[in-house]
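Below: the structure, in C-alpha cells.
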C-alpha cells in the first residue's frame, strides 16, 4: 500500500468503499445518501481524495481513478445531467408509496432512483448496483438485486439468473432507459442482454415507462428492447419530433415532457397524451 493510501482518513476510506460498492462511480448526491452525510461533506472528501489521485471528479459525480473502465458510466452520468434530473422528477410523480417496481441499469435510471428516495415502502427489483444502493433500507423500501454476471462498465448484472429472479415479481411499473429511439424498431439498447431482460419483463407489468432525453430520438442501436405499442409511457425533456409524435400516438403511448422551471408548455395534451 502506498504512502498516500495510508494517510486517507476514515471518512475518505468510507467514501472509497461506497464508490467500490456502487461499481466505481456515482453522483455526489447518491454518495451523500449512502454515507448519510451532506453533499458539502462529500465534495470536501472528494477534493481531498482527488489531490491524492484516488478519485477523479466530473460535474456532479465522482469515479475511482484506478478503475480503468469507470469513465464510460461516469461520462454518461454527467452528460445531459440537468435534463435527466428533470426526467427523474417527472417519473417520480408517476410513482406512489407501496408500489412494486423494476428499474433497469442506466444513467437516467440512476437519477430516477435518487428521486424515489422520498417515497415510502416501495419494493424495487433492479439489476443496477447504483439503484439498489440508493434505495436499500430507506423509508421502508425493500430493494432486491437481480443478480447475474456483473458488467462493471454498466454497473449492472445480466444474464439468465438476473432474468429469472426479475420475472418472479408482478410489477406496478417497469422503468427503463433507452440508448436509441427508432421509428422502425421502437426502444433500442446497445447491450443485447439488457434488451432481452426488458423484453421479458413487459409481460409482468401493468405499466412500462421509458425514460430518456431528447438526444436519443433517431439514434441507432442494434437491439430492440420493446416496440412502441408495448410501452405505456415515454418520459423525455423535449417534445418529440413530429414523426415520432405521430408514431407514438398511433401506438397509444402517453408522452410526458418534463418542463424546465418557468416553462408553461408542459400541460397535458393527449398524444395518446403529451404531458
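Residue numbers (my numbering): -13 to 261. Even glycine gets a Cβ: it sits at the ideal position worked out from N, Cα and C. Note that this is a predicted model, so its numbers are computed, not measured.
Does the beta-carbon of residue 92 have 16 or more other beta-carbons within 10 angstroms, so that it is buried, or is it exposed?
Along the chain shown, read from residue 1 onward, the residue named residue 92 stands at position 106. Classification of residue 92: buried, given that the 10 Å Cβ count is 16 or more.
Across which residues does DSSP place residue 206 in a beta bridge pair?
On the chain shown, position 220 is the one that residue 206 refers to. For residue 206, which the question treats as bridged, DSSP gives no partner whatsoever.
Give me the Cα-Cα distance between residue 161 and residue 154, rounded to the nearest whole angstrom.
Mapped onto the chain shown, residue 161 falls at position 175. Mapped onto the chain shown, residue 154 falls at position 168. So the two alpha carbons sit approximately 17 Å from each other.
Helix or strand or just coil, what does DSSP make of residue 225?
Position 239 of the chain shown, counted from the first residue, corresponds to residue 225. In this structure, residue 225 counts as coil in the three-state DSSP scheme.
Enumerate in chain order the residues of its own chain whose CB-to-CB distance from residue 226 is below 7 Å, with the five nearest sequence positions on each side excluded.
Taking the chain shown and counting its residues from 1, one reaches residue 226 at position 240. Closer than 7 Å at Cβ, skipping near neighbours: 203, 234, 241.
Span of the beta strand (DSSP E) holding residue 159?
Stepping through the chain shown from its first residue, residue 159 is reached at position 173. Residue 159 -> beta strand (DSSP E) spans 159 to 162.
Could you name the residues of the same chain whose beta carbon sits closer than 7 Å to that of residue 56, not counting the 5 residues immediately before and after it, in chain order?
Indexing the chain shown from 1 puts residue 56 at position 70. Low confidence applies to residue 56: its pLDDT is 46, below 50, so where it sits in the model is not reliable enough to give any reading.
List the whole-angstrom C-beta distance separating residue 166 from residue 206, where the pair is believed to meet the contact cut-off of C-beta under 8 Å.
The residue you call residue 166 lines up with position 180 of the chain shown. The residue you call residue 206 lines up with position 220 of the chain shown. The Cβ separation is near 6 Å, so the contact holds.
Considering only their Cβ atoms, is the gap separating residue 134 from residue 145 smaller than 7 Å?
As a position in the chain shown, residue 145 is number 159, starting the count at 1. As a position in the chain shown, residue 134 is number 148, starting the count at 1. Yes.
Check whether the Cβ atoms of residue 125 and residue 106 lie closer than 7 Å to each other.
Taking the first residue of the chain shown as position 1, residue 125 is located at position 139. Taking the first residue of the chain shown as position 1, residue 106 is located at position 120. Yes, the Cβ-Cβ distance between residue 125 and residue 106 is below 7 Å.
So, for residue 218: in the same chain, excluding its five sequence neighbours on each side, which residues have a beta-carbon less than 6 Å away from its beta-carbon?
As a first step, residue 218 is located in the chain shown; it is residue number 232 there, counting from the start. So the list reads 193, 194, once near-sequence residues are dropped.
Relative to the C-alpha of residue 127, which residue among 112, 173, 84, 171 is closest?
Residue numbering aside, residue 127 sits at position 141 when the chain shown is read from its first letter. For the residues 112, 173, 84, 171, the minimum Cα distance to residue 127 belongs to 84.
By alpha-carbon positions, which one of 141, 68, 95 ends up nearest to residue 5?
For the purposes of this step, residue 5 is identified with residue 19 of the chain shown, where counting begins at 1. Selected option, being the one with the closest Cα: 141.
Using the Cβ count rule (16 or more neighbours within 10 Å means buried), how would you classify residue 232?
Locating residue 232 in the chain shown gives position 246, where the first residue counts as 1. Exposed is the call here.
Apply the 10 Å Cβ neighbour rule to residue 70 and answer buried if 16 or more other Cβ atoms are within range, or exposed otherwise.
Within the chain shown, numbered from 1, the residue matching residue 70 stands at position 84. Residue 70 comes out buried.
Would you mind giving the Cβ-Cβ distance between residue 198 and residue 222, rounded to the nearest angstrom? I have them listed as a contact below 8 Å.
Taking the chain shown and counting its residues from 1, the one referred to as residue 198 is at position 212. Taking the chain shown and counting its residues from 1, the one referred to as residue 222 is at position 236. About 6 Å; that satisfies the 8 Å criterion.
Look at the alpha carbon of residue 306 and the alpha carbon of residue 78, and state the distance between them as a whole number of angstroms.
Residue 306 falls outside the range modelled here, since the chain spans only -13 to 261, and no answer is possible.
Please list the terminal residues of the continuous beta strand (DSSP E) segment that includes residue 135.
What you label residue 135 is simply residue 149 of the chain shown in a count that begins at 1. Element bounds for residue 135: 135 to 137.
With residue 183 and residue 152 assumed to form a contact (beta carbons below 8 Å), what rounded beta-carbon distance in angstroms separates them?
Counting from one through the chain shown, the residue named residue 183 turns up at place 197. Counting from one through the chain shown, the residue named residue 152 turns up at place 166. Their Cβ separation, rounded to whole angstroms, is 7 Å, which keeps residue 183 and residue 152 in contact under 8 Å.
Just verifying my parser: in three-state terms, what is the DSSP assignment at residue 22?
In the chain shown, the residue the question calls residue 22 occupies position 36. Here residue 22 sits in coil by DSSP.
In the DSSP assignment, what are the bridge partners of residue 36?
Start at 1 with the first residue of the chain shown, and residue 36 comes out as number 50. DSSP lists no partner for residue 36.
Contact check, residue 132 vs residue 122 under 8 Å by CB: the rounded distance?
Here residue 132 is taken as the residue at index 146 of the chain shown, counted from 1. Here residue 122 is taken as the residue at index 136 of the chain shown, counted from 1. In fact, because the Cβ distance is near 14 Å, the residues do not count as touching under 8 Å.
By the three-class DSSP mapping on this structure, what secondary structure does residue 55 have?
Along the chain shown, read from residue 1 onward, the residue named residue 55 stands at position 69. With a pLDDT of 45 at residue 55, under the threshold of 50, the modelled position of that residue is not reliable, and no figure is offered here.
Can you give me the C-alpha to C-alpha distance between residue 174 and residue -6, rounded to a whole angstrom?
Counting from one through the chain shown, the residue named residue 174 turns up at place 188. Counting from one through the chain shown, the residue named residue -6 turns up at place 8. Distance between the alpha carbons of residue 174 and residue -6: 43 Å.
Are the CB atoms of residue 8 and residue 116 within a distance shorter than 7 Å?
Looking up residue 116 in the chain shown gives position 130. Looking up residue 8 in the chain shown gives position 22. Cβ distance < 7 Å, so residue 116 and residue 8 count as in contact.
Could you name the residues of the same chain whose beta carbon sits closer than 6 Å to that of residue 67, not counting the 5 residues immediately before and after it, in chain order?
Mapped onto the chain shown, residue 67 falls at position 81. So the list reads 46, once near-sequence residues are dropped.
Tell me, to the nearest whole angstrom, how far the beta carbon of residue 114 is from that of residue 89; I am working on the premise that it is less than 8 Å.
Looking up residue 114 in the chain shown gives position 128. Looking up residue 89 in the chain shown gives position 103. Between residue 89 and residue 114 the Cβ distance is about 6 Å, and since that is below 8 Å, they are a contact.
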